[in-house]
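Just below is one structure, and these are the notes that go with it.
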Amino acid sequence: MALKMVKGSIDRMFDKNLQDLVRGIRNHKEDEAKYISQCIDEIKQELKQDNIAVKANAVCKLTYLQMLGYDISWAAFNIIEVMSASKFTFKRIGYLAASQSFHEGTDVIMLTTNQIRKDLSSPSQYDTGVALTGLSCFVTPDLARDLANDIMTLMSHTKPYIRKKAVLIMYKVFLKYPESLRPAFPRLKEKLEDPDPGVQSAAVNVICELARRNPKNYLSLAPLFFKLMTSSTNNWVLIKIIKLFGALTPLEPRLGKKLIEPLTNLIHSTSAMSLLYECVNTVIAVLISLSSGMPNHSASIQLCVQKLRILIEDSDQNLKYLGLLAMSKILKTHPKSVQSHKDLILQCLDDKDESIRLRALDLLYGMVSKKNLMEIVKKLMTHVDKAEGTTYRDELLTKIIDICSQSNYQYITNFEWYISILVELTRLEGTRHGHLIAAQMLDVAIRVKAIRKFAVSQMSALLDSAHLLASSTQRNGICEVLYAAAWICGEFSEHLQEPHHTLEAMLRPRVTTLPGHIQAVYVQNVVKLYASILQQKEQAREAEGAQAVTQLMVDRLPQFVQSADLEVQERASCILQLVKHIQKLQAKDVPVAEEVSALFAGELNPVAPKAQKKVPVPEGLDLDAWINEPLSDSESEDERPRAVFHEEEQRRPKHRPSEADEEELARRREARKQEQANNPFYIKSSPSPQKRYQDTPGVEHIPVVQIDLSVPLKVPGLPMSDQYVKLEEERRHRQKLEKDKRRKKRKEKEKKGKRRHSSLPTESDEDIAPAQQVDIVTEEMPENALPSDEDDKDPNDPYRALDIDLDKPLADSEKLPIQKHRNTETSKSPEKDVPMVEKKSKKPKKKKKKKKKKKKKKKKKKKKK
Amino acid sequence: MIQAILVFNNHGKPRLVRFYQRFPEEIQQQIVRETFHLVLKRDDNICNFLEGGSLIGGSDYKLIYRHYATLYFVFCVDSSESELGILDLIQVFVETLDKCFENVCELDLIFHMDKGGLSAAPARAVSAVKNINLPEIPRNINIGDLNIKVPNLSQFV
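Chains A and B, in that order, are what the protein sequence lines are.
Each residue of the first sequence is one higher than the one before, starting from 0 at the first, in numbering that gives the first Met the number 0.
Each residue of the second sequence is one higher than the one before, starting from 0 at the first, in numbering that gives the first Met the number 0.
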């Protein structure tokens, strides 16, 4: 026995402590993993020892290894042992390890409940402190429920050190166990007026966090916070309160009105940039909620904009960034105040800092108008050429498309220009947003009927170009544009100048290197083209021409039949059979063009994104009814293993990713369009209302004097969009002249008595009429669709569970569950309201006694008593 | 709310890693690596705010970082925190470490990670460290063999 002890202590001399471990790892840079696994074995040995100091050392090393990425959950029980050490330093190590590695899935976490309770009621404030700190990281719903009452009483502890920590951890308890919010809330409110400023700011913090998620429940606290705001001098607290008011004002406009005065005072008086920025932000939020525009608020807006301009012009990049961020909030409701600073923002676009450029881009999004869209996009295109990284370039591309397509292309006056911009964008290499450009092309071509001819000519040029085919291996690359090009050429083939040439381009052998979904579209649209060519040839009575075309199809389609992609194979073989059949008919001189064209009759319109969901269930259909008879019980019993223990509900909250972003929507739209394109029997529903065309189409009215062509020169390799800018200016100028002439005529006809509200001679945005009108604005929905919109909420969101009304008085059922002692007949067992000092007579609930060591410890403790 | 505090050096080795939301270890390491790559690309004279950390939380979260000598201090926060406030907080944190270790350097953090982890512990989810009402911290904590000399940090109140 004595020998064992000596041997043990010699072994212990060679134990590594944390420093040694770190040093060892640093010295073993090449075989780090091997060295660490060696150390872990040593740690396992150490953990088997009885000595608590040794165990604590081992757990300390484990904490370090956890940081490096090694899983230490196998040591959970040992960590709990260390947590139950009486010495503070060891306890601290235990809690630290627990906070790093415990989570809801740790099975032994329920063993900690009593230990934590003991620590919470310990006479040493540091024990309590370390327990509170550690608990906040691994609190589970069970722990929260069991310990909520203890923590709540600690909120009224004599020492502010403890009170502060207790207040802070209540937030985590609320998240895990929402039923504790109502009972605990009155005490939390009291802490707002605690004499100690640390506790007060802790309470402010917690309430602000809660209120940001569910503002309407905390409106009743607004007067209290107002008082705090005017009396407090601590900047951190002020910032939190002001941010909170920013979240409350949308719900209570009167609050906003009261706030403007003190906030403006703060803005003028404070020297802290952070506080200034938060005040400006909140004033903006207030003004947005009061946007029913009282005239004296324009002074506040001007003040804000002025301060923000100072921020943006500052050389500190952080302030610039924040200024731009706040400006974009003002932009939504007061765009006019921001317009005057457009030059500053365009300047920020040239900044070398990428975050600032992105912010400036966002701002531009809101500052676009019909007048300046073209020049802004031109500037962005120059940036696209200069951009180094592909992510920034992709971002620019997305932004350009966003800016142009917002509100149903509200700001585009000349769609030919837009299409030429899109074509220029296709020259970008290595972009991941090819499908975005493709989606835009399709959208514009479908919705703007007047532009179809131009679009088709551009698309047929794209189909010819070799470099797009070259990048065919990339996913979502620029070759996606060919998808759109093929579809447009096929659908609107009546506008094609040389359909035969396009047909040959689409049937080239290189096409088989494209991705499957693009090839499928090619095959489908080749048939559409073929139909229109047949139509032409038969009308011109060129039988040989018709037969030549058919022969071309028969020659080239087999290359698609051999494709690896199933879709392509299917379509190609179907169509090949059709064409061969037509060939036979043609040999007998039967006119076939009519029937072939009938395959593609009817127009395809865009469908609303939620249309599929909103197809109403037809009457008489019960989706919940069984289709077949349910399996008989005896069979199912045999297959299912008998559940011995109850299945616990999974209460783990899952955070679903945020709503599908722009790309996802575009991809879905594209997939849907593809489905529609494939279905020749798609029935069009009610015709769209807007059918009138602009009376002044751009093409014929352009004077021949300036440039010899009415359509810009198609020089391959040169951007055409600049010429459109000039054309656009001329067109607007002409429009303006015509309008002035008409206005003068109207004024002459007026009687003198009437005074009309005369329109100002200066040109506003609405005066500019677009060259081509967007025809199809509404999207199709299934009949009898309901316009509801309830699919955005995430049922597992923990903050939703905290949406509790706090003003109602507390019901009996809502009091926090209090742990009662097993034997309640002894008079010594205390009333549970103030369990400050634990009675040592009886142990509360029995823990699961897993290992003998735990028993030994308890026996030792009992012996001591 | 502060979601995570990461401290790593110029080569991406983690020196202090505190997540206030549970992630499995591989995800934690992945986050550290990704953050390191994002932050490494940044020049020294551009702004300290980064958006678009896709792994931690969603679009509401920003990364606010500061670069001190060989270490990057990165805080992942959501929109309820004031950005400039967090920058100040990082400053306070570093100065606290400095006073605790007397001219702190990376080696101090490496070898005394248990203590570094503890001074970060107050900076937990509800940004409590802003409530260090510093005159209140006892000057000398003597518990067992532990002797922490707490500096006078009243200038940060």
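Ideal Cβ placement from N, Cα and C applies to all residues, glycine included.
Fair warning: this is a prediction, and the values are worked out from it, not measured in the lab.
- Looking at 47/A, 500/A, 139/A, the one whose alpha-carbon comes closest to that of residue 21/B is 139/A.
- Under the DSSP assignment, residue 71/B falls outside any alpha helix (DSSP H), being part of the beta strand (DSSP E) whose first and last residues are 70-76.
- As computed with DSSP, residue 65/B is found in a beta bridge with 72/B.
- In this structure, residue 60/B and residue 38/B do not form a Cβ contact; the two beta carbons are roughly 15 Å apart against a cut-off of 8 Å.
- Within the same chain, Cβ atoms closer than 8 Å to the Cβ of residue 800/A are found at 177, the five residues on either side in sequence being excluded.
- The Cβ atoms of residue 92/A and residue 55/A sit closer than 8 Å to each other.
- Residue burial is scored here from C-beta neighbours: residue 33/A has fewer than 16 other C-beta atoms within 10 angstroms and is therefore classed as exposed.
- Note on geometry: alpha-carbon atoms of residue 455/A and residue 496/A lie some 9 Å from one another.
- Per DSSP, the unbroken beta strand (DSSP E) holding residue 17/B starts and ends at 13-18.
- Residue 630/A sits in coil when the DSSP states are folded into three classes, being neither helix nor strand.
- When rounded, the separation of the alpha-carbon atoms in residue 135/A and residue 238/A is 24 Å.
- For the segment 6-22 of chain A, the residues whose beta carbon sits under 9 Å from a beta carbon of chain B are, in order, 17, 18, 21, 22.
- Under the 8 Å criterion on CB atoms, residue 153/A is classed as non-interfacial with respect to chain B.
- Cβ atoms of residue 270/A and residue 83/B stay farther apart than 8 Å, at about 13 Å.
- By DSSP's assignment, residue 559/A forms no beta bridge with any residue.
- Interface with chain B (8 Å Cβ-Cβ cutoff): residue 226/A is excluded.
- One finds 316, 351, 352, 353, 354, 355 in chain A with Cβ atoms closer than 8 Å to the Cβ of residue 45/B, taken in chain order.
- Using a Cβ-Cβ cut-off of 8 Å, residue 87/B counts as an interface residue toward chain A, since at least one Cβ of chain A sits closer than that to its own.
- Excluding the 5 residues flanking it on each side, residue 31/A has same chain C-beta neighbours closer than 8 Å at 24, in chain order.
- Within chain B, no C-beta atom comes nearer than 8 Å to that of residue 28/A; the closest sits roughly 11 Å away.
- Taking a cut-off of 8 Å on C-beta distances, the segment 76-87 of chain A does not touch the segment 26-36 of chain B, as fewer than three cross pairs fall below it.
- Between the beta-carbon of residue 330/A and that of residue 322/A there is about 13 Å, and that puts the pair past the 8 Å contact cut.
- Cβ-Cβ distances below 7 Å link residue 498/A to 492, 528, 531, 532 in the same chain, with the five nearest sequence neighbours on each side left out; the list follows chain order.
- Residues of the segment 7-18 of chain B with a C-beta atom less than 9 Å from some C-beta of chain A are 12, 13, 14, 15, 16, 17, 18, listed in chain order.
- Under DSSP, the beta-bridge partners assigned to residue 606/A are 779/A.
- Nearest in C-alpha terms to residue 421/A, of all of 403/A, 452/A, 356/A, is 403/A.
- No Cβ of chain B is located within less than 8 Å of the beta carbon of residue 36/A.
- In this structure, residue 320/A lies near residue 355/A, with their beta-carbon atoms less than 8 Å apart.
- The beta carbon of residue 392/A is closer than 8 Å to those of 383, 386, 427, 430 in its chain, skipping five residues each way along the sequence.
- For residue 552/A, the closest C-alpha among the options 259/A, 541/A, 524/A is that of 524/A.
- Per the Cβ contact rule, the segment 239-253 of chain A is not in contact with the segment 29-48 of chain B (fewer than 3 Cβ pairs under 8 Å).
- With fewer than 16 other beta carbons inside 10 angstroms of its own, residue 576/A counts as exposed.
- The segment 225-253 of chain A contains, as complete alpha helix (DSSP H) runs of 4+ residues, the segments 234-247 (chain order).
- When DSSP states are grouped into helix, strand and coil, residue 457/A belongs to the helix group.
- For residue 235/A, at least one C-beta of chain B is nearer than 8 Å to its own C-beta.
- Along the segment 494-518 of chain A, none of the residues has a CB nearer than 8 Å to a CB of chain B.
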